[in-house]
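Student: FYI, this note's numbering numbers position 291 of the sequence shown as 292, with every residue one higher than the one before it.
By construction, the Cβ of each residue, glycine as well, lies at the ideal position given by its N, Cα and C atoms.
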Amino acid sequence: MNNPVANINEVYQGNRWEGAKAASRKMAARLYAAGLTKRAARMWTCGDYLAIRKSDDGELIADAPQLCRDRLCPMCAWRLSRRRFAEMMAVFNALAPEIIEHDYSATMLTLTIRNMKLPDLRRSIDGMATAWHNLIRREFFRDVIGWARSLEITYNPQTQTYHPHMHIILIWAKYDNTSATAEVIRDGWKAACNLDYSPVIDIRKVYSRDGDGESKHALIKSALEAFKYAVKPDCSEKIPQSDLFEFAGAIKGVRFVSYGKAIKRARTALGFKNEESAEDESDMKNELPDETVIALLAWSGTRYAPAVLTDGKWRFNPAELSTAAANVSHETKTEGENEQ
Ligand SMILES: [Zn+2]
2 MNNPVANINE VYQGNRWEGA KAASRKMAAR LYAAGLTKRA ARMWTCGDYL AIRKSDDGEL
62 IADAPQLCRD RLCPMCAWRL SRRRFAEMMA VFNALAPEII EHDYSATMLT LTIRNMKLPD
122 LRRSIDGMAT AWHNLIRREF FRDVIGWARS LEITYNPQTQ TYHPHMHIIL IWAKYDNTSA
182 TAEVIRDGWK AACNLDYSPV IDIRKVYSRD GDGESKHALI KSALEAFKYA VKPDCSEKIP
242 QSDLFEFAGA IKGVRFVSYG KAIKRARTAL GFKNEESAED ESDMKNELPD ETVIALLAWS
302 GTRYAPAVLT DGKWRFNPAE LSTAAANVSH ETKTEGENEQ
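Here's what the structure looks like:
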């Protein structure tokens, strides 16, 4: 690469990275104001540097060597959503021959309960997790040969309520595409959650043998779009400042995704890491650029400023970096802290 800097704009999706980084700084400031100072400090430096590398097949790719892995971090939520999406696509590709051979169906199931106020959120999330475990022991679930479950929490500013719900991808050996199936699941979910009302559920096919390849692909992709976020960045932005401390505590240690049967096996075969344990690795790796890095970008407070490799050293434009230098603190990591 003669002039890596010239190609950077095409490679690193500048707007997305910069938007995510700016949002992440904003959230860090909000966490700080909420008294979550250590988390705020980690998030502040999250994605401070971007590394442009050349992949094995010669493509240029951008990644952030230092991510805080905080669930409320817009930068990390975006990166994780991309990873979830890519991993699920890989799982589907790996299972495709089996799915085609046996004529399996895939559906997207959404399980909800009514919105609630913040003090009830954690109890409800835990209740939903238990209910899910009860649901998969029911008879209809014998026809499910693989599943992936993702918990998403949204916030409604009008009613000031929270809405935890589950997006579940199910692969069926035998799928009865009638309202009867939805009824069985709704009743099962109602009983498992111990509800005195009929919950809203939605189930729709995202794959079957009918239809052309293009539309099949689009359906699965749209299902995975819904699957990929725990707390969407545009949602965490709306959570009122007065709720933030308690909300952060309510989602602490929650298992947001889980996988079962054929999907779990495929993930293992593909070597995908357990996402939750990956998220717990909240330490910031201070990776030095290795030989695959061909350009570095550093956050300057408003944008990523490129550095170039000259005489064996990475050099930034000092003027552009002065803002960043004033803001960045790398003394952010404390293990075993007691805050949320
Ligand atoms: Zn982060």
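Quick test of your reading: ALA270 and LEU171, contact by CB under 8 Å. State the CB separation rounded to the nearest angstrom.
Tutor: 20 Å between Cβ atoms; not a contact.
Student: In three-state DSSP terms, what is GLU19?
Tutor: Residue state, collapsed to three classes: helix.
Student: If you measure from each residue's Cβ to the nearest non-hydrogen atom of ligand 1, which ones come out under 7 Å, in chain order?
Tutor: SER25, MET44, CYS47, GLY48, LEU68, CYS69, ARG70, ASP71, CYS74, MET76 and CYS77
Student: Measuring only the C-alpha atoms, how far is ARG72 from ASN275?
Tutor: 15 Å
Student: Between MET90, GLY272, ALA193 and GLU184, which has its C-alpha nearest ILE137's C-alpha?
Tutor: ALA193
Student: What residues match up with MET167 in a beta bridge as DSSP calls it?
Tutor: DSSP lists LEU112 and LEU152 as partners of MET167.
Student: Are ALA219 and ARG123 close, meaning C-beta to C-beta below 8 Å?
Tutor: no
Student: Determine the closest residue to CYS236 out of MET89, ALA78, GLY128 and LYS39, with distance taken between C-alpha atoms.
Tutor: ALA78
Student: Can you name, in chain order, every residue of its own chain whose Cβ lies under 6 Å from the Cβ of ALA21, other than the five neighbours on each side?
Tutor: PRO75, MET76 and TRP79
Student: Between ARG116 and HIS164, which are expected to be in contact by the criterion C-beta below 8 Å, what is the C-beta distance as a whole number of angstroms?
Tutor: Reading the sequence as shown, one finds Asn at residue 116 and not Arg. Between HIS164 and ASN116 the Cβ distance is about 5 Å, and since that is below 8 Å, they are a contact.
Student: Measure from the alpha carbon of VAL258 to the alpha carbon of each residue in CYS69, HIS166 and GLY48, then state which is nearest.
Tutor: HIS166
Student: Taking C-beta to C-beta, are GLU153 and ALA267 nearer than 8 Å?
Tutor: It is not a contact, given that the beta carbons lie outside the stated cut-off.
Student: Determine the extent of the beta strand (DSSP E) in which VAL92 is found, giving its start and end residues.
Tutor: First-last for VAL92: 75-103, but that is the alpha helix (DSSP H), not the beta strand (DSSP E).
Student: So ALA224 and VAL207 are in contact, right, with Cβ under 8 Å, and what is the actual spacing, rounded?
Tutor: Contact check for ALA224 and VAL207: beta-carbon distance about 4 Å, within the 8 Å limit, so the pair qualifies.
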